[in-house]
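Chemist: The structure's right below; bear with me while I get my questions together.
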Amino acid sequence: MTFKFPLSLLILFLLLNIFLCSSEVLYLPVTKDASTLQYITEVSQRTPLIPIKLLVHLGGRSLWVDCDKGFKSSTYKPGVCNSTQCTYSNPNYCGDCILKPKLQPGCNNNSCYIWGENPLIDWFDDSAEIADDVLVIGSTPGVRVTWPRFIFACFVSPNMVRLLANGVTGIAGFGRESPISIPNQLALDPRFTKKFGICLSSSTTSRGVIFIGSGPYYVYNPKKIDISNNILYTKLIANKNAFLVTQEYYIQVSSIKIAGQDIPLNKTLLSINKKDIDGGTRISTASPYTILHPSIYYAFKTAFINALPKNVALVESPMKQFGLCFSSKNIKSTNVGPAVPVIDIVLHKPSAFWRIYGTNSVVQVNKDVMCLAFVKQDEEREPSIVIGGHQLEENLLIFDLPGKKIGFSSSLKLQQTSCSQYDNTILH
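So the sequence shown is residues -23 to -1, 1 to 405, counted in mature numbering (1 follows the signal peptide of the UniProt record, and there is no 0).
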């Protein structure tokens, strides 16, 4: 006996299977380093497995590790020129080891090499050897994945680890278009999709999380909440002319409001300048605070001062990096932080804005002084706005790579929860 199924039912069945296979979420814990304010995650790699700490870099092309000294693994495989592994990674060139007197991981003959970067020092290096090795990634309450041949980059250049936090030996790259970035490689597993969410903790003692997969993304308050609901989306903007910046995440900002009032801006700075390869707005986990072009910064600072309560006194900054500080004695406290002027980052239309409250706009530098956590740009040919980690903390950002869009929640404090409350089996 044979059965004939309607085509529509068969298609529905196939789609359901795809959906079920793609419904897993991988949880990658992220720690804020107290001394450097860097966001650090940890995976296990090699044979035998060892834990390695990595700087989270949204615009990173790949996972890369320092192979200069002490890299030992019986399953390390360098990428041989013209191999499938090399071709897939889009290497810069193939060649022989010239950086070390004898062959080692990161320096082999007939191997392929790619660019790598350290965003903390704005340093690029084209000597990263493509390789693969065992990788174990993920933590409770999500899935834990063992990947026998995860492609990564292996560096022997000592410059690449400069300024990384103590114990950190590489970069966890989440670049949008690179086939060997962490989310794009994991999406080769049918349980996952090219979608991830970042939820950074403001605490240096309680971990935040990166959700990898289509969702839902849960935290507790103490009830279970899907924080991927009620998200404001805006499209990703391509920056194809920039050198090695195609992996970065740019969005369109049309204006900025402080206390409901537009601040005067040179609007041309808000778009990417295709000739000089600067301008626009980039999101970065490698910068601790939001960096503004000087003309934007001065207008922003003036508007913030004018919107402060009249009984708040300005004070000299006790820290060189901050350009505006004030007494916190007359600043009230709310459930979303200090009661300072609300900041709205207006996106692609006036009704689409990301609201930033006091918990993300200022930082308490000592008992009596707060400082504005937006700083002035001191380099040329940079984005006009780089949204930094302090502004991202206790917010969920969803990066939908197939949809070419980014989603913003507002502060999770509005829901009486935080990014550290993702695992109810852990006491934070």
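The beta carbon of each residue, even a glycine, is placed where N, CA and C say it ideally should be. No experiment lies behind these values; they were computed from the predicted model shown.
Since I believe C71 is in contact with R84 (beta carbons under 8 Å), could you give me their beta-carbon distance rounded to a whole number of angstroms?
Modeler: Start at 1 with the first residue of the sequence shown, and residue 84 comes out as number 107. Start at 1 with the first residue of the sequence shown, and residue 71 comes out as number 94. According to the sequence as given, residue 84 is Cys; it is not Arg. The Cβ separation is near 14 Å, so there is no contact.
Chemist: Using only CA atoms, which one of C302, K287, C63 lies nearest to S294?
Modeler: Within the sequence shown, numbered from 1, the residue matching residue 294 stands at position 317. Of the candidates C302, K287, C63, the one whose C-alpha sits nearest the C-alpha of S294 is C302.
Chemist: If you draw a straight line from the C-alpha of L247 to the C-alpha of V363, how long is it?
Modeler: Stepping through the sequence shown from its first residue, residue 247 is reached at position 270. Stepping through the sequence shown from its first residue, residue 363 is reached at position 386. L247 and V363: Cα-Cα distance of roughly 11 Å.
Chemist: Determine the DSSP secondary structure at S361, reduced to helix, strand or coil.
Modeler: For the purposes of this step, residue 361 is taken as the residue at position 384 of the sequence shown. Coil, per DSSP.
Chemist: For Q238 and V230, I'd like the C-alpha separation in whole angstroms.
Modeler: Residue mapping note: residue 238 aligns to position 261 of the sequence shown, counting from 1. Residue mapping note: residue 230 aligns to position 253 of the sequence shown, counting from 1. If you take the alpha carbons of Q238 and V230, they lie about 15 Å apart.
Chemist: So, at 6 Å on beta carbons, what are the nonlocal neighbours of Y194 in its own chain, with the 5 sequence-adjacent residues on each side left out?
Modeler: As a first step, residue 194 is located in the sequence shown; it is residue number 217 there, counting from the start. Closer than 6 Å at Cβ, skipping near neighbours: G174, F188, I204, S205.
Chemist: I'd like the list of long-range same chain contacts for D103, defined as Cβ closer than 7 Å, with 5 residues on each side in sequence excluded.
Modeler: As a working mapping, residue 103 is identified with position 126 in the sequence shown. Counting only Cβ-Cβ distances below 7 Å, and skipping sequence neighbours, we find N69, Y90, W92.
Chemist: With DSSP as the reference, label T18 as helix, strand or coil.
Modeler: For the purposes of this step, residue 18 is taken as the residue at position 41 of the sequence shown. Looking at T18 - three-state DSSP - the assignment turns out to be strand.
Chemist: Just curious, the alpha helix (DSSP H) that P271 is in, first and last residue?
Modeler: Against the sequence shown, residue 271 aligns to sequence position 294. It spans 271 to 284 - the alpha helix (DSSP H) in which P271 sits, taken as one unbroken run.
Chemist: Figure out for me which residue from E371, K344, K54, V323 has the closest Cα to the Cα of I235.
Modeler: As a first step, residue 235 is located in the sequence shown; it is residue number 258 there, counting from the start. Ranking E371, K344, K54, V323 by CA distance to the CA of I235 puts V323 first.
Chemist: Can you give the Cα-Cα distance for residue 419 and Y399, rounded to whole angstroms?
Modeler: Since the first and last residues shown for the chain are -23 and 405, residue 419 lies out of range.
Chemist: Just the C-alpha distance for S111 and A329, rounded to the nearest angstrom, thanks.
Modeler: In the sequence shown, residue 111 corresponds to position 134, counting from 1. In the sequence shown, residue 329 corresponds to position 352, counting from 1. Strictly speaking, residue 111 in this sequence is Val, with Ser absent from that position. Rounded to whole angstroms, the separation of the alpha carbons of A329 and V111 is 43 Å.
Chemist: Exposed or buried, K172, counting other C-beta atoms within 10 Å across all chains shown (16 or more means buried)?
Modeler: If you number the sequence shown from 1, residue 172 lands on position 195. Result: buried.
Chemist: Could you tell me the alpha carbon to alpha carbon distance between S386 and E356, rounded to whole angstroms?
Modeler: Sequence index remark: in the sequence shown, residue 386 carries index 409 (1-based). Sequence index remark: in the sequence shown, residue 356 carries index 379 (1-based). Going from the Cα of S386 to the Cα of E356 covers about 30 Å.
Chemist: Please state the DSSP three-state secondary structure of M347.
Modeler: As a first step, residue 347 must be located in the sequence shown, where it is residue number 370. M347: strand per DSSP, three-state reduction.
Chemist: Is it buried or exposed, F101, if we count other Cβ atoms within 10 angstroms and call 16 or more buried?
Modeler: In the sequence shown, the residue the question calls residue 101 occupies position 124. The residue in question, F101, is exposed, as its Cβ has fewer than 16 Cβ neighbours within 10 Å.
Chemist: Mind checking M(-23): buried by the 16 CB within 10 Å criterion, or exposed?
Modeler: For the purposes of this step, residue -23 is identified with residue 1 of the sequence shown, where counting begins at 1. Bear in mind that a pLDDT of 40 at M(-23), under 50, signals an unreliable position, so the model cannot answer this.
Chemist: How long is the line joining the alpha carbons of S(-2) and A108, rounded to whole angstroms?
Modeler: The residue labelled residue -2 in the question sits at position 22 within the sequence shown. The residue labelled residue 108 in the question sits at position 131 within the sequence shown. Reliability fails at S(-2), whose pLDDT of 46 lies under 50, so the model's placement of it is uncertain and no value is given.
Chemist: With 16 as the cutoff for other CB atoms within 10 Å, does N143 come out buried or exposed?
Modeler: Position 166 of the sequence shown, counted from the first residue, corresponds to residue 143. The residue in question, N143, is exposed, as its Cβ has fewer than 16 Cβ neighbours within 10 Å.
Chemist: Going by DSSP, what residues sit across from H34 in a beta bridge?
Modeler: Counting from one through the sequence shown, the residue named residue 34 turns up at place 57. Per DSSP, G150.
Chemist: Would L388 and S178 be called neighbours here (beta carbons separated by less than 8 Å)?
Modeler: Position 411 of the sequence shown, counting from 1, holds the residue named residue 388. Position 201 of the sequence shown, counting from 1, holds the residue named residue 178. Inspection of the sequence shows that residue 388 is occupied by Ser rather than by Leu. In this structure, S178 does not lie closer than 8 Å to S388 by Cβ.
Chemist: Which ranges does the alpha helix (DSSP H) cover as unbroken runs of at least 4 residues, wholly within the stretch 44 to 132, from first to last along the chain?
Modeler: 61 to 66
Chemist: For I308, count neighbouring C-beta atoms within 10 Å of its own C-beta (all shown protein chains included) and say buried if the count is 16 or more, exposed if not.
Modeler: For this step, residue 308 is matched to residue 331 along the sequence shown. Per the 10 Å Cβ criterion, buried.
Chemist: Under 8 Å, do N198 and T394 count as touching if we go by C-beta distance?
Modeler: Reading the sequence shown from its first residue, position 221 is the one you call residue 198. Reading the sequence shown from its first residue, position 417 is the one you call residue 394. Result yes, Cβ atoms of N198 and T394 sit closer than 8 Å.
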